Amino acid sequence: MLSFGLQNLLSPMVLFFILGLLAVWAKSDLSIPEAVAKLLALYLLLSIGFRGGAEVSHHGLTAPLLMAITAGIVLSFGTPFIAYALLRAATRLGATDAAAIAGHYGSISAVTFAAVTGVLTQLSVRYDGYLVAVAAAMETPAIFAALLIASRERKADTGRSEFIREVAFNGSIFILLGSFAIGAITGERGVTILKPFILDPFAGALCLFLLDMGLVAGRGLRQGWRYLSFTVTSFAVVMPLIGATIAAAMAVMLGLSVGSTAVLITLAASASYIAAPAAMRLALPAANPALALTLSLGVTFPFNLLVGIPLYIAVANRIAH
Amino acid sequence: MTKYHLKKRIDIVVEAPLIRTLINTLDQAQVPGYSVLPILEGRGMLNAWSSEGQISDAANMVALLCIVDAAHADEVVDAVFAAIRDRIGFVTMSDVFVLRPERF
């Protein structure tokens, strides 16, 4: 596992992420324009969604797919309650901040999903294409769980239609599911037509995107570090491992393959910094916006990228079929 | 000689996820028009932020300005403030002079 971990650390994707962090540390003026970052995110989600849909069109709508989606929804909805309880018990955070952070940690990181699928592809480890649908299904339940938690504390602002629209039609979910559907409809024919666009440039685009993530994570840490006590920072490392453990158990019960187990564990261990932050700003205005974002992007994402993904793949190798 | 007419300019700086709420509020208050401007970076009571490299609008701020008749201004500001009271941002009102009063 150590050599695999080292191999991951020396992969182009991870090295570009580290380059981004170093650029911030060195106070370089290196930057990726916001529009370019958004375009890269769209491209990655489109590519992942399309390939997942094409895979499902090959195998069809099956019981394992439906069970995996159900497991994902259960994971996404249940994890915020664990995260909230842990934060309230172990830190000095108030109910609102704890609920907002919990919502981030039940939802998933599409970028971490892109990273683990990229690593698995490099290792020639196959995973089930329907996990794209599982990823999309896991984006939203956590947000509603966080609202439920905050409502119990009477701290949520849920009376806005914009919140529902933001959650239901969030751009990243829309492109992920939409391209999944198009991939499912067009199947192998679609893959053949789009291969030069969605397959060949994927690794390079991921490198550029992770460079940007390094810059954003580094800046976020530099600005938000004062909010991070030792216990709060520890949460950002411990919570992914708790989510990973629960997901590992579910993967064994579902009988998932090695690749699919690794993906499900990574999804459960990840924290959102695209869909959840905007929804939490709408629903929990009193929460400190810098706190959750610094944790999910500045601590959990680097942890998962550098340490988590190789760990989760190693665990999947041990426990899966 | 050109005649100038006194109107009120309302400037709002607010979190980007709230922009739809704000636009709906202004539409309901029947303002004659508004403009939305992106903000590149800034610093407030909590911390500094930048829109560079962000893929989500959650951490971004936007500015919205509108010009209204003085008689209508208080009603618009009250509606805006009610919509964004607990949010990060600010609302200001100032005097401006326009050349075509019938448009505001």
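Residue numbers (the working numbering), protein chains in the order written: chain Y, 188 to 508; chain L, 58 to 161.
Note that CB positions come from ideal geometry on N, CA and C, so glycine has one too.
None of the values given here were measured: they were computed from a predicted structure.
query                                                                                                                                                : result
Beta-carbon spacing of Gln-111 (chain L), Val-486 (chain Y) below 8 angstroms                                                                        : no
Which listed residue (Y:Thr-418, Y:Leu-492, Y:Leu-469, Y:Arg-279) has its alpha carbon closest to that of Ala-73 (chain L)                           : Y:Leu-469
Proximity of Ala-120 (chain L) and Leu-94 (chain L) at Cβ, strictly below 8 angstroms                                                                : yes
CB contact flag (Gly-446 (chain Y), Val-319 (chain Y), <8 angstroms)                                                                                 : no
Residue span of the beta strand (DSSP E) that contains Ser-263 (chain Y), given as start and end                                                     : Premise fails: Ser-263 (chain Y) lies in the alpha helix (DSSP H), 250–277, not in any beta strand (DSSP E).
Completely contained alpha helix (DSSP H) runs for the segment 62–126 of chain L, where each covers 4 or more residues                               : 76–85
Chain Y contacts from the segment 90–123 of chain L (Cβ-Cβ distance under 8 angstroms)                                                               : Leu-103, Asn-104, Ala-105, Trp-106, Ser-107, Ser-108, Glu-109, Gly-110, Gln-111, Ile-112, Ser-113, Asp-114, Ala-115, Ala-116
Straight-line Cα distance separating Leu-233 (chain Y) from Leu-217 (chain Y)                                                                        : 27 angstroms
Environment of Trp-106 (chain L) [buried if 16+ CB atoms lie within 10 Å]                                                                            : buried
Min CB distance Pro-74 (chain L) to chain Y below 8 angstroms                                                                                        : yes
is_contact[Tyr-460 (chain Y), chain L] using C-beta, thresh 8 angstroms                                                                              : yes
Contacts around Ile-76 (chain L), its chain only, beta-carbon distance under 6 angstroms, and the 5 residues preceding and following it disregarded  : Val-119
Strand pairing of Asp-399 (chain Y), partner residues [DSSP]                                                                                         : Asp-399 (chain Y) is not bridged to any residue.
Nearest to Ile-185 (chain Y) (by Cα), restricted to the options Y:Leu-478, Y:Gly-305, Y:Asp-315, Y:Leu-335                                           : The question about residue 185 (chain Y) has no answer, for chain Y in this structure spans 188 to 508.
Cut-off 8 angstroms between Cβ atoms - residues of its own chain near Phe-154 (chain L), not counting five sequence neighbours on either side        : Tyr-61, His-62, Leu-63, Lys-64
Contacts around Ala-392 (chain Y), its chain only, beta-carbon distance under 7 angstroms, and the 5 residues preceding and following it disregarded : Leu-227, Tyr-230, Leu-231
Nearest to Leu-451 (chain Y) (by Cα), restricted to the options Y:Ala-222, Y:Val-261, Y:Asn-195, Y:Val-243                                           : Y:Val-261
Candidates Y:Ala-474, Y:Ile-205, Y:Gly-259: closest to Ala-455 (chain Y) by CA position                                                              : Y:Gly-259
Alpha-carbon spacing of Leu-478 (chain Y) relative to Ala-213 (chain Y), whole angstroms                                                             : 24 angstroms
Glu-326 (chain Y) at chain L interface by Cβ criterion, 8 angstroms                                                                                  : no
Other residues of its chain near Asp-284 (chain Y): CB distance less than 7 angstroms, five sequence neighbours each side excluded                   : Ala-474, Asn-475, Leu-478
Min CB distance Asp-143 (chain L) to chain Y below 8 angstroms                                                                                       : yes
Sequence-distant residues of its chain with Cβ nearer than 8 angstroms to Ile-506 (chain Y) (five each side left out)                                : Ala-435, Ala-438, Val-439, Thr-448
Through-space distance from Leu-334 (chain Y) to Tyr-317 (chain Y), alpha-carbon basis                                                               : 28 angstroms
Contact list for the segment 224–235 of chain Y against chain L, Cβ threshold 7 angstroms                                                            : Ala-224, Lys-225, Ala-228
Near-chain L residues of the segment 396–408 of chain Y - C-beta to any C-beta below 7 angstroms                                                     : Asp-399, Leu-402, Val-403, Arg-406
Distance cut-off 7 angstroms: Tyr-61 (chain L) Cβ against heavy atoms of the ligand GTP                                                              : You won't find the ligand GTP in this model; it holds no ligand whatsoever.
Backbone CA spacing between Phe-488 (chain Y) and Pro-220 (chain Y) [nearest angstrom]                                                               : 21 angstroms
Against chain L: residues of the segment 468–479 of chain Y by CB proximity under 8 angstroms                                                        : Arg-468, Leu-469, Pro-472, Ala-473, Asn-475, Pro-476, Ala-477
Test: Ile-219 (chain Y) CB closer than 8 angstroms to a CB of chain L                                                                                : yes
Span of the alpha helix (DSSP H), counted from its first residue to its last, around Ser-421 (chain Y)                                               : 417–441
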